[in-house]
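Chemist: My questions will all concern the structure given below.
Protein chains in written order, with my numbering: chain A, 6 to 329; chain B, 2 to 541.
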């Protein structure tokens, strides 16, 4: 079986559509981050107390609210977890308390208050506390800082590696594409008001690596074709390179997408955010290799050609380390 | 450059099929051993023995604490101030700490000019070598603790805290607890307690300073007002007024005690929970020889008339008449519950923390959630694996078998490595395994697509395999390096479960280079040598 045999699509001819598409999603995401939901972060970064309670039968949220209010607990939020696994594991609620409950002293108070309130005021069914996350203000700040640094270093590391293996412009194009993916993925979380947790950050960093993978496959082919044939117009050569690798791009991304989808469907609620980030990210990451990274190379060369004195031919650097 | 030299090896390795197959079999057996060990009993049992599960999978409590090491510096300089004042008494100078925000600075003042050199000699003596001494004019001096000294005190406080916490945790009977320095911020300690799901009690045990003292009782009152009435001149400076614990809901009681303790924290040699004649929990303690002598002297002198108060964390737990002279052992009864008696005797045994601590992070996962996560993780992995295996078979036919074998071996190596290294499998780690399945097959796809291209150019099967592998290699190398870079950064900056994810992802990718390139190539070569050269056809 073979799909995409000798395809001949003019990808670069569609660059304005791509630009429009990317802009719509990036801007929508940025807009949501700035003016709508912000970047929704969980207790991992904001600090606070999150208690996952498992009820023996379907919980009645009204009764939970009454129980919490009766105990004079302030500023709580409750959130139902829908577990695809279903059954008894489906009857879960996350009760969150704001940061004031998780000061570095008196750390555990919020948890015991909620437990006592439920024991005293919730009579519909028995319950067990399944998971408690208490993050104090100091730890929250540290984790935020750590996540920012990790993302930054990771991008920087790749830029340097690509600079070393290809040329600076390839590195820049790839990093811009990856940044674009990260931005849109975080934008999706903001638009859907889904919480960004520590594991979501891990997913986003994985995405940085994955999207880079995909871009490198295309770049590698461009480099190879450049070494073989320096006379073709760069746009044609890039188109040909994308088309040659298209089969691999679609199949490899598709398979990774399928495994991540399995994770999303069967992996349980703890990994929902993680797998969602990957489901979105792998789609965008595959798209950006074709629609963002490759056109940037062409745009860069066009810009150099315009600046160069008339009559002088300007070629994209073929990059180091080329074989043959 | 490195890529080219590795590639060079690959071209020559077209031969010696037998030794390559042998090598693969050895690797296979090695990592199967890594997963299961030498099976005693069932395979499942062996697997559970070898693979470490993270707290998020087996349930437990994860705490991050911060030690306020500045307090240790403060008490060190306090001790020096005391010693200095004794040493300086003859010179008329006094040592004080003026600025509470700078506990490392001691100010010497009031020395008479004639005593200057004597003062200077004391300050620059050996005991105070850790200080920089500077004259502040008017015969005064400023002593500043050297930075290296401060760091040393802080490091010691952190180490002592870790030891103390470890001793306290060990008595909880938790299996395989982790208590170690934690890298993210300053002076932080990570405590991981598998199977413990009541963080409240753990926090109490770890945090309590457990300052236990025995004081002589001067008087007792029903309220603070009553106490002031009885002492019109105010509470004498050598006494202090402390509240009694009315644990049973009884009326408030206040006690006037001698400020100086007869016996205090470090005088306790041992303490054990026990029960009194009525079966109520209490604590039996033993004193050190020296404190025992002191205690004997005091109780002997006051037997029949005096009263003693047992004070815990500045609260009077119990007041008892002195019936006879006591030397080195005694009992505290104070309406404890069984747990309280056990916890308190534990704290008395392990001594107090050198500085107070606060909690930065507490995470608890119940055992049922952990078990559910494992189940869901395994289901998701198998589902992902099946999808990939079937797709490869359908899409690449014969070569699909090749890719599927490579993928299975990839997973075996990954799990085997985890068994050998004692790396911890977390829930995100399972996600890393699933991602390895998806990304691992990418290398096979790259190679197969390239071989198809070469075949389309009209090359023979053998040449197409040769060139396909050679051409795909550069790409595989680059893609793996970039992913490993991002995983390594995750490992450096990540914490807990996220670290587990970075580990599985990295190992999975490295194993993938071996399986997708070396193993897969060997299988192709094996197929090709079975057929006559030139006429061989590939099922791809």
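Note that beta-carbon positions come from the ideal geometry of N, C-alpha and C, so glycine has one too. Given the structure is predicted, the values throughout are model-derived calculations rather than measurements.
1) What is the rounded straight-line gap between the Cα of residue 139 of chain A and the Cα of residue 147 of chain A?
2) In the DSSP assignment, find the alpha helix (DSSP H) that holds residue 518 of chain B and state where it starts and stops.
3) With distances taken Cα to Cα, identify the nearest neighbour of residue 268 of chain A among B/303, B/324, B/376.
4) Using DSSP with H/G/I as helix, E/B as strand and the rest coil, what is residue 312 of chain A?
5) In terms of residue numbering, what span does the beta strand (DSSP E) encompassing residue 330 of chain A cover?
6) Taking only three categories from DSSP, how would you classify residue 131 of chain A?
7) So the alpha helix (DSSP H) residue 227 of chain A belongs to, where does it begin and stop?
8) Taking the continuous alpha helix (DSSP H) assigned at residue 287 of chain B, which residues delimit it?
9) Go to residue 570 of chain B, then tell me how far its beta strand (DSSP E) extends in each direction, as first and last residue.
10) I'd like the span of the alpha helix (DSSP H) that includes residue 292 of chain A, first residue to last.
11) Contact defined as beta carbons within less than 8 Å: I believe residue 279 of chain A pairs with residue 205 of chain A. What is the distance between those atoms, to the nearest angstrom?
12) With a threshold of 7 Å (Cβ to nearest heavy atom), would residue 245 of chain B be considered close to the ligand GTP?
13) Residue 55 of chain A and residue 121 of chain A look like a contact to me (Cβ under 8 Å); what is the Cβ gap, rounded to whole Å?
14) Would you please state the rounded distance, in angstroms, between the beta carbons of residue 317 of chain B and residue 245 of chain B? I believe it to be under 8 Å.
15) Looking at the C-beta of residue 162 of chain A, does it have a partner C-beta in chain B at a distance below 8 Å?
16) To which residues of the same chain is residue 144 of chain B closer than 6 Å at the C-beta, ignoring the five residues directly before and after it?
17) In chain order, what residues of the region 126 to 139 of chain A put their CB closer than 7 Å to some CB of chain B?
18) Mapping the DSSP letters down to three states, classify residue 193 of chain A as helix, strand or coil.
19) Is it the case that the region 363 to 370 of chain B contacts the region 251 to 258 of chain A, given that we only count it when at least three CB pairs across the two stretches are under 8 Å?
20) For residue 232 of chain B, which three-state DSSP category applies?
21) Can you tell me which of the three DSSP states residue 354 of chain B falls into?
22) For residue 268 of chain A, would you say it is in contact with chain B, using Cβ-to-Cβ distances shorter than 8 Å as the test?
23) Hey, quick one: how far does the alpha helix (DSSP H) through residue 67 of chain A stretch, first residue to last?
24) From A/260, A/172, A/166, pick the residue whose C-alpha is nearest to that of residue 395 of chain B; which is it?
25) Give me the chain A residues within the contact set of residue 486 of chain B, using Cβ-Cβ distance strictly less than 8 Å, ordered along the chain.
26) Where does residue 360 of chain B land, buried or exposed, given buried means 16+ other C-beta within 10 angstroms?
27) Report yes or no: is there a C-beta of chain A within less than 8 Å of the C-beta of residue 443 of chain B?
28) For residue 429 of chain B, return the contacting residues in chain A, with the cut-off set at a CB-CB distance below 7 Å.
29) Counting only the same chain and skipping the five closest in sequence on each side, list residues whose C-beta sits under 8 Å from that of residue 189 of chain B.
30) Please classify residue 16 of chain A: is it buried, with 16 or more other beta-carbons within 10 angstroms of its beta-carbon, or exposed?
31) I want to see whether chain B comes within less than 8 Å of residue 253 of chain A, judged by CB atoms only; does it?
32) With a 10 Å radius around its C-beta and 16 neighbouring C-beta atoms as the bar for buried, classify residue 247 of chain A as buried or exposed.
33) Do the CB positions of residue 473 of chain B and residue 453 of chain B come within less than 8 Å of each other?
34) Determine contact between the region 398 to 409 of chain B and the region 227 to 247 of chain A, defined as no fewer than three beta-carbon pairs at a distance below 8 Å.
35) Whole beta strand (DSSP E) runs in the region 476 to 510 of chain B with 3 or more residues, listed along the chain?
36) Suppose the cutoff is 8 Å on Cβ atoms and the five residues either side in sequence are ignored; what does the same chain contact list for residue 358 of chain B look like?
Modeler: Per the coordinate set shown:
1) Working through the first chain from its first residue, we reach residue 139 of chain A at position 134. Working through the first chain from its first residue, we reach residue 147 of chain A at position 142. The alpha-carbon atoms of residue 139 of chain A and residue 147 of chain A are separated by roughly 14 Å.
2) Here residue 518 of chain B refers to the residue found at position 517 of the second chain. No alpha helix (DSSP H) contains residue 518 of chain B, which DSSP labels as neither H nor E.
3) As a working mapping, residue 268 of chain A is identified with position 263 in the first chain. If we check each option's Cα against that of residue 268 of chain A, B/376 comes out closest.
4) To locate residue 312 of chain A, count along the first chain from 1; it is residue 307. Judged by DSSP in its simplified three-state form, residue 312 of chain A adopts helix.
5) Shown here, chain A extends from 6 to 329; a query on residue 330 of chain A therefore has no answer.
6) Position 126 of the first chain, counted from the start, is the residue given in the question as residue 131 of chain A. Annotated three-state conformation of residue 131 of chain A is coil, per DSSP.
7) The sequence position of residue 227 of chain A within the first chain is 222, counting from 1. Run containing residue 227 of chain A: 203 to 233, per the alpha helix (DSSP H) assignment.
8) The count along the second chain starts at 1 and reaches residue 287 of chain B at position 286. That residue, residue 287 of chain B, is in no alpha helix (DSSP H); its beta strand (DSSP E) goes 282 to 288.
9) In the structure as shown, chain B starts at 2 and stops at 541, and residue 570 of chain B therefore has no counterpart that could be examined.
10) Taking the first chain and counting its residues from 1, the one referred to as residue 292 of chain A is at position 287. DSSP places residue 292 of chain A in the uninterrupted alpha helix (DSSP H) bounded by 277 to 293.
11) What you label residue 279 of chain A is simply residue 274 of the first chain in a count that begins at 1. What you label residue 205 of chain A is simply residue 200 of the first chain in a count that begins at 1. For residue 279 of chain A against residue 205 of chain A, the beta-carbon gap comes to about 6 Å, under 8 Å, which counts as contact.
12) What this structure holds is no ligand at all, so the ligand GTP is not there to describe.
13) Counting from 1 along the first chain, the entry for residue 55 of chain A is found at position 50. Counting from 1 along the first chain, the entry for residue 121 of chain A is found at position 116. 17 Å between Cβ atoms; not a contact.
14) Within the second chain, residue 317 of chain B is the residue found at index 316, counting from 1. Within the second chain, residue 245 of chain B is the residue found at index 244, counting from 1. Residue 317 of chain B to residue 245 of chain B, Cβ: 4 Å. Contact.
15) Locating residue 162 of chain A in the first chain gives position 157, counting from the first residue. Judged by the 8 Å Cβ criterion, residue 162 of chain A is in contact with chain B.
16) As a position in the second chain, residue 144 of chain B is number 143, starting the count at 1. 107, 132, 134, listed in sequence order.
17) Result list: 133, 134, 135, 136, 137, 138, 139.
18) Taking the first chain and counting its residues from 1, one reaches residue 193 of chain A at position 188. Under the three-state reduction of DSSP, residue 193 of chain A is assigned to helix.
19) No contact exists between the region 251 to 258 of chain A and the region 363 to 370 of chain B.
20) For the purposes of this step, residue 232 of chain B is taken as residue 231 along the second chain, with counting starting at 1. Here residue 232 of chain B sits in coil by DSSP.
21) Against the second chain, residue 354 of chain B aligns to sequence position 353. DSSP places residue 354 of chain B in the coil class of the three-state scheme, outside both helix and strand.
22) Counting from 1 along the first chain, the entry for residue 268 of chain A is found at position 263. Residue 268 of chain A counts as touching chain B.
23) Working through the first chain from its first residue, we reach residue 67 of chain A at position 62. In the DSSP annotation of this structure, the continuous segment of the alpha helix (DSSP H) that includes residue 67 of chain A starts and ends at 66 to 75.
24) Indexing the second chain from 1 puts residue 395 of chain B at position 394. Closest in C-alpha terms to residue 395 of chain B, from the list A/260, A/172, A/166, comes A/260.
25) As a working note, residue 486 of chain B is residue 485 in the second chain. Here the neighbours are 159, 162, 163, 166, 214.
26) Position 359 of the second chain, counted from the first residue, corresponds to residue 360 of chain B. The residue in question, residue 360 of chain B, is buried, as its Cβ has 16 or more Cβ neighbours within 10 Å.
27) Taking the first residue of the second chain as 1, we reach residue 443 of chain B at position 442. Taking Cβ atoms only, chain A reaches closer than 8 Å to residue 443 of chain B, which makes this a yes.
28) If you number the second chain from 1, residue 429 of chain B lands on position 428. Near residue 429 of chain B (Cβ distances below 7 Å), the residues of chain A are 204, 207, 279.
29) Residue 189 of chain B sits at position 188 when you count from the first residue of the second chain. Contacts found: 65, 66, 67, 68, 182, 183, 361.
30) Residue mapping note: residue 16 of chain A aligns to position 11 of the first chain, counting from 1. So residue 16 of chain A counts as buried.
31) On the first chain, position 248 is the one that residue 253 of chain A refers to. At a cut-off of 8 Å, the C-beta of residue 253 of chain A has a neighbouring C-beta in chain B.
32) By one-based count along the first chain, residue 247 of chain A stands at place 242. Classification of residue 247 of chain A: buried, given that the 10 Å Cβ count is 16 or more.
33) As a position in the second chain, residue 473 of chain B is number 472, starting the count at 1. As a position in the second chain, residue 453 of chain B is number 452, starting the count at 1. Contact flag unset, no.
34) These segments do not touch.
35) If you keep only unbroken beta strand (DSSP E) runs of at least 3 residues inside the region 476 to 510 of chain B, you get nothing at all.
36) The sequence position of residue 358 of chain B within the second chain is 357, counting from 1. If the five residues before and after residue 358 of chain B are omitted, its C-beta is found closer than 8 Å to the C-beta atoms of 66, 67, 68, 69, 162, 190, 207, 208, all from its own chain and listed in chain order.
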